[in-house]
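Here's the structure we're looking at; comments come further down.
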Amino acid sequence: MMRLSFFCIFATIVFVSGQDQDGLINSNVERTLDLVSHLPKEIISVTIENRGTKATRYYDYYVEPQHVNNVAYVGAVVKGKNNDDQGNLLIKQETTDKTKGAVYRIALPNDLRAGQTIALEIEVAHINALRLYPAEITQIERQLVLYKANPYYYSRYTTQKQKTTVTLPTDRAESYTQIPKPVAKSEQTITYGPYENVAALTRSEITLHYENNNPFLTVSNLNRWIEVSHWGNVAVEETIDMYHSGAKLKGPFSRLDFQRRPDSLSAVKTFKTSLPASARDIYYRDEIGNVSTSHVKEMQDQVEVEIRPRFPLFGGWRTHYMLGYNVPSYQYLFNKGNQYVLKMRLVDHVYDDQLLEQVTIRIVLPEHSRNIEFYPPPYGVERLP
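Letter by letter, the sequence shown follows residues -18 to -1, 1 to 367 in mature numbering (1 follows the signal peptide of the UniProt record, and there is no 0).
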């Protein structure tokens, strides 16, 4: 049996400076900050110009010191329809510096020579970045959160022109910082800028206090069991511990009030899990036994399972369940002679905007399997003995 364990949240600390990047500037930056879910996401479209005399192959993306531990993912692609290289660019976290923050070095597809420009799209996902304010609410109150950010694009390079657009879940903002000017609000969108000639490593702070009743779900532990059979079948079972990470429920729960107002704002009553299109023999169980309130919908490219716990989840409440299914091995097991390769998703889609704190995968191979090699995905995975 092969056991694998990985954590979705990790950070590595090292510092490097790119001496060949001194001539780079950000000629234009359009930054979108999506605050719709409990995981803030940034999409940064940046046009980079080399005004130096030497070519460079790298671009450094900086994260401010106070946000270093909140970054869960950084990805980048070359922007532009006519560009042939549309795959994800190689990114390496180089360092964390106490005063400047974390550095993610993005490898460009080709040397950026003097006078040339390139447009990148950088995607960043944050975790544990929202502060629940207030921290406790009744079951009929709205859930409000605070988010603090920099209105400027934080970069080691000078930025000629930039704009930040913030998208909220609703148009109900309790308050938001209205400087540095210009700042404009239109329904769910708040726009900061445009700003011109912003110096490198410029730091400022804006605070947004707004309503967010979207599901604040977090998986504290997921155990995934994959068993490959001799008889053309792969069995998968996931045991999941999940909790509502939103504002905690203040006071006792009233079933009567919940029935009167089944649309309780922050409560999570159901969520959807996506399984492979060939999944069959699906079951959903908890400590008591089979949960019959779930619904299965077969779609063209997936099987959608609506998970409905026995009770609604309010802030601080937990649930524990098992979800299992079978898939035919010919879709995931490939061979050349007596050499076999198993290729499967490491984790299924548990729910939209999922946050998995710890995941353990156990893979059971047929008896007498030998010469086992593991090819991990492009993020931190630890193979246990």
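Quick reminder that beta carbons are idealized off the backbone N, C-alpha and C, glycines included.
By the criterion of at least three beta-carbon pairs nearer than 8 Å, the region 3 to 18 is in contact with the region 148 to 158. Judged by pairs of C-beta atoms under 8 Å, the region 270 to 278 does not touch the region 180 to 197, as fewer than three such pairs exist.
From the listed residues 144, 88, 168, 357, the smallest Cα separation to residue 162 is found for 144.
Under the three-state reduction of DSSP, residue 247 is assigned to coil, being neither helix nor strand. Residue burial annotation: residue 206 is buried, with at least 16 other C-beta atoms found within 10 angstroms of its C-beta. Under the criterion of beta carbons closer than 8 Å, residue 195 and residue 125 qualify as touching, at roughly 5 Å. Between residue 44 and residue 136, the gap from beta carbon to beta carbon is short of 8 Å. Under the three-state reduction of DSSP output, residue 52 falls in the helix class. When DSSP assignments are scanned along the region 276 to 312, the uninterrupted stretches of beta strand (DSSP E) that are 3 or more residues long and fall wholly within it turn out to be 277 to 280, 285 to 289, 300 to 310. DSSP places residue 263 in the uninterrupted beta strand (DSSP E) bounded by 262 to 267. With fewer than 16 other Cβ atoms from the protein chains shown falling within 10 Å of its own Cβ, residue 358 counts as exposed. For the region 11 to 87, the full-length beta strand (DSSP E) segments reaching 3 residues or more read 23 to 32, 38 to 45, 53 to 60, 73 to 79 along the chain.
Annotation for residue 99: 9, 29, 30, 31, 32 place their beta carbon closer than 8 Å to its own, counting only its chain and skipping 5 residues before and after. Contact between the region 161 to 176 and the region 294 to 309 is absent: fewer than three C-beta pairs spanning the two stretches fall below 8 Å. Measuring C-alpha to C-alpha distances from residue 46 to each of 138, 364, 231, 223 identifies 138 as the nearest. It is roughly 24 Å from the alpha-carbon of residue 256 to the alpha-carbon of residue 347. Three or more beta-carbon pairs separated by less than 8 Å link the region 102 to 116 to the region 21 to 28, which places the two stretches in contact. Within the same chain, 24, 56 come within 6 Å of residue 106 by CB-CB distance, once the 5 residues on both sides are set aside. Taking a C-beta distance under 8 Å as the contact criterion, residue 53 and residue 96 do not qualify as a contact pair. Judged by their CB atoms, residue 39 and residue 90 are nearer to each other than the 8 Å cut-off. For the pair residue 26 and residue 226, the Cα-to-Cα distance works out to about 30 Å.
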